[in-house]
Amino acid sequence: MRAGTSAQAGAAPRAGAAQPAAAPPPPRRVQTAFAAAGAASFGGAVDVSDPSHYSDHPHLTANPRGGFVMEFNAEPETLAELTTRGPGPDSRFGPVRTLVTAYNPQLAVGPDGDATIAWTRDRVPYIADADATAPTADGLQVPERAFAGEPVTVSVLPHDRLSPLAPTAWEFGDGAGASGDTASHAYAEPGLKRVTVTVADVLGNGASFTRTIAIVAPPVEPGRGQPGGGRARRPAPRITRASLSPRRVRPAHRGGLLIARRAGRTGTRLRFRTSDPGTVALTLVRVLPGRRTGRAHRCSTRARSGRRCTVTRTIARDSKRVRAGVVTLLLSGRAKGHPLPRGDYRLQLRLTNAARARSAVVTLRLKVTR
């Protein structure tokens, strides 16, 4: 991509021809022409300077993002004029900004696209920055999922290194909008919505960022006269397709938690699918042979009479925050810093979502060996 500049003056009269008396000289203009990469020629010339000023000595610099920054002089005073242009053939140079009365101005563009101009006035050097980049959108927060009819809060922390910020603008994808670093909106209909935030500075440098939010229908609340009247329940989350591979587990040599941080030749792999994001609670229960005496259950090593039964003891508990979809966890075969004793176990899973609704308990069998 190339851009050219020129300082154009009016045509000089022919020698020997009659000249009008006291005709003012035509103004000198600064023009630009653009040529895309690979183009055979430049496009048409476009005026950039004020036609009423005598402008010359243009200095053009391209920034790494494909835009341009241009500086030129203007009379009747020696003014330093500055203007910027975005990338692409359809962009145009923006409004010209007059800095100060300056001599020998020098222009440079940094890797972020901002420009720095230096000049001399009354034998004293000066320097100034020209903001040509948009603010950054730090800490952009848009929830992944929400219920229709409930307020959704979004926020962002815009930052600009050189210029004051303009108001932040939000578009929620359903025709509604808002302004401010933090905004709230309630969607009327379910569906996938595109939330767009635009951050800009007072010079007009701006950038837009888009996130997608899934709006789901709220739970149906049975009212009076309807089956199951009273307070409605939100749909409970579900855990499906739970499995352990392998079911015969050899405890890991190290570690103290039920959920392992890395895979190895020991332990086992737990895989399941969740309907909602939330927290899954894991409870490991040991199954021991026992005997029943009345209402009491005792291990077979401590009771010699009564009917045969099983005794369960909770060995370990752990939890993990998960997203909706397929989840894979590594289990170490250890608890409280020690390997699990040999025997039969039951692993119980239960999911709690953001609405504090709980799923049914899912139980898996496993056997610990050595």
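Going by the working numbering, the sequence shown opens with residue 169, and the numbers climb by one from there.
We put the CB at the ideal spot given by N, CA and C, even for glycine.
Checklist entry - Is there contact here, the stretch 507-527 with the stretch 450-457, by at least three beta-carbon pairs under 8 Å? => result yes
Checklist entry - Alpha carbon to alpha carbon, what distance is there between PRO226 and THR200? => result Translated into the one-based positions of the sequence shown, residue 200 becomes position 32. Translated into the one-based positions of the sequence shown, residue 226 becomes position 58. Cα-Cα distance, rounded: 10 Å.
Next on the checklist: Whether or not the stretch 484-504 and the stretch 301-310 are in contact is what I'm after, with contact meaning three or more pairs of Cβ atoms, one per stretch, closer than 8 Å; do they touch?
Outcome noted: no
Checklist entry - Buried or exposed: which applies to LEU371, given that a residue is buried once 16 or more other Cβ atoms fall within 10 Å of its Cβ? => result As a working note, residue 371 is residue 203 in the sequence shown. Classification for LEU371: buried.
Item to check | Pick from ARG197, LEU498, SER527 and ALA484 that is closest to HIS506, judged by C-alpha positions | outcome: Here residue 506 is taken as the residue at index 338 of the sequence shown, counted from 1. When only C-alpha atoms are compared, the closest one is ALA484.
Item to check | Per-residue DSSP class, three states only, for ASP369 | outcome: Here residue 369 refers to the residue found at position 201 of the sequence shown. If DSSP states are grouped into helix, strand and coil, ASP369 belongs with the strands.
Item to check | ALA356 beta carbon near the ligand SAM (any heavy atom closer than 7 Å) | outcome: As far as ligands go, the structure on display features none, and thus does not contain the ligand SAM.
Checklist entry - Count the other CB atoms within 10 Å of the CB of HIS197; is the residue buried (16 or more) or exposed (fewer)? => result On the sequence shown, residue 197 is found 29 positions in, with the first residue counted as 1. For the record, residue 197 in the displayed sequence is Arg; it is not His. Buried, since its Cβ has 16 or more Cβ neighbours within 10 Å.
Item to check | Cβ neighbour criterion (16 or more within 10 Å) applied to HIS327 | outcome: Here the question's residue 327 lines up with position 159 in the sequence shown. That one is exposed.
Checklist entry - What first and last residue would you give for the beta strand (DSSP E) that runs through ALA382? => result If you number the sequence shown from 1, residue 382 lands on position 214. ALA382 -> beta strand (DSSP E) spans 374-384.
Next on the checklist: Using a 10 Å radius around the Cβ and a threshold of 16 neighbouring Cβ atoms, would you call PRO128 buried or exposed?
Outcome noted: Because the chain spans 169 through 538 in this model, residue 128 falls outside it and cannot be assessed.
Next on the checklist: Let's see if you can read the secondary structure: which residues bound the beta strand (DSSP E) around ALA522?
Outcome noted: On the sequence shown, residue 522 is found 354 positions in, with the first residue counted as 1. Per DSSP, ALA522 belongs to no beta strand (DSSP E) and is neither H nor E.
Item to check | Cα-Cα separation, ASP349 to GLY359 | outcome: For the purposes of this step, residue 349 is taken as the residue at position 181 of the sequence shown. For the purposes of this step, residue 359 is taken as the residue at position 191 of the sequence shown. Cα to Cα, the separation comes out at about 25 Å.
Item to check | Cβ-based neighbour list, THR447, same chain, cut-off 8 Å, excluding 5 preceding and 5 following | outcome: Position 279 of the sequence shown holds residue 447. Excluding residues within five positions, the ones whose Cβ falls inside 8 Å are SER487, LYS488, ARG489, VAL490, LEU519 and THR520.
Next on the checklist: Along the chain, where does the beta strand (DSSP E) containing THR434 start, and where does it finish?
Outcome noted: Counting from one through the sequence shown, the residue named residue 434 turns up at place 266. It is not in any beta strand (DSSP E) - THR434 carries neither H nor E in the DSSP assignment.
Next on the checklist: I need the DSSP call for ALA230, collapsed to helix, strand or coil.
Outcome noted: Walking along the sequence shown from the start, residue 230 turns up at place 62. Strand at ALA230.
Checklist entry - Can you tell which of SER220, THR482 and LYS535 has its C-alpha closest to the C-alpha of LYS504? => result Here the question's residue 504 lines up with position 336 in the sequence shown. Ranking the options by Cα distance to LYS504, first place goes to THR482.
Checklist entry - When burial is assigned at 16 or more other CB atoms within 10 Å of the CB, is ASP444 buried or exposed? => result Numbered from its first residue, the sequence shown carries residue 444 at position 276. Buried, since its Cβ has 16 or more Cβ neighbours within 10 Å.
Checklist entry - When the distance is taken between beta carbons, is VAL363 closer than 8 Å to GLY341? => result Start at 1 with the first residue of the sequence shown, and residue 341 comes out as number 173. Start at 1 with the first residue of the sequence shown, and residue 363 comes out as number 195. Yes, Cβ-Cβ distance for GLY341 and VAL363 is below 8 Å.
Next on the checklist: Tell me which residue opens and which closes the beta strand (DSSP E) that PRO326 is part of.
Outcome noted: The residue labelled residue 326 in the question sits at position 158 within the sequence shown. Here the beta strand (DSSP E) through PRO326 covers 319-327.
Checklist entry - Where do the N-terminal and C-terminal ends of the beta strand (DSSP E) with HIS221 fall, by residue? => result Position 53 of the sequence shown holds residue 221. Looking at the DSSP string, HIS221 is not in any beta strand (DSSP E), and its letter there is neither H nor E.
Next on the checklist: So, with DSSP's three-state summary, where would you put VAL310?
Outcome noted: As a position in the sequence shown, residue 310 is number 142, starting the count at 1. Here VAL310 sits in coil by DSSP.
Next on the checklist: For a quick check, are the C-beta atoms of ARG502 and LEU508 less than 8 Å apart?
Outcome noted: Position 334 of the sequence shown, counting from 1, holds the residue named residue 502. Position 340 of the sequence shown, counting from 1, holds the residue named residue 508. Yes, the Cβ-Cβ distance between ARG502 and LEU508 is below 8 Å.
Checklist entry - Can the beta-carbon of THR480 be found closer than 8 Å to that of ARG510? => result Counting from one through the sequence shown, the residue named residue 480 turns up at place 312. Counting from one through the sequence shown, the residue named residue 510 turns up at place 342. No, they are not a contact pair.
Next on the checklist: Going by DSSP in three states, GLY493 sits in which element: helix, strand or coil?
Outcome noted: Position 325 of the sequence shown, counting from 1, holds the residue named residue 493. Looking at GLY493 - three-state DSSP - the assignment turns out to be strand.
Checklist entry - So, is GLY435 buried or exposed, given that buried needs 16 or more other C-beta atoms within 10 angstroms? => result Taking the sequence shown and counting its residues from 1, the one referred to as residue 435 is at position 267. With 16 or more other Cβ atoms within 10 Å, it is buried.
Checklist entry - Rounded to the nearest angstrom, how far is the Cβ of GLU239 from that of TYR222, given a contact under 8 Å? => result The sequence position of residue 239 within the sequence shown is 71, counting from 1. The sequence position of residue 222 within the sequence shown is 54, counting from 1. Between TYR222 and GLU239 the Cβ distance is about 16 Å, and since that is not below 8 Å, they are no contact.
Checklist entry - Going by Cα to Cα distance, which pick from LEU228, PRO332, THR531 and TYR294 is closest to LEU412? => result Sequence index remark: in the sequence shown, residue 412 carries index 244 (1-based). Closest option to LEU412, Cα to Cα, is THR531.
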